[in-house]
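With numbering that gives the first Met the number 0, the residue at position 46 of the sequence shown is 45, and numbering never jumps.
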Amino acid sequence: MTAAEKQLERELEFYKMRVAELHGSDMKLNKVVDLIDNAMQIYDDRFMKSHDVDERVNLFDRWKVLRDIKDELEQLEL
């Protein structure tokens, strides 16, 4: 094996590790977005069942904050 082939072999290993790291980060981000989606659904369900105006306002505010966070996270994925 020549020196150039060894160098290519090292670079290949480096990029394989880098791809694995990025894939792991992407999976973590997707899990966070899934958790936010679940929380948003819970707030939405509670909002729909509630007849108390103050509680509905509070739930909507929480839902809106989660939506804003989710939008920011999704922009990071680009």
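Glycine residues also receive a C-beta, built at the ideal position from the N, C-alpha and C atoms.
- Taking C-beta atoms as the reference points, A38 and L58 fail to come closer than 8 Å.
- C-alpha of V18 to C-alpha of K69: approximately 24 Å in a straight line.
- The three-state secondary structure of D33, taken from DSSP, is helix.
- V32 and G23 have their alpha carbons spaced roughly 14 Å apart.
- The beta carbons of W62 and D43 sit closer together than 8 Å.
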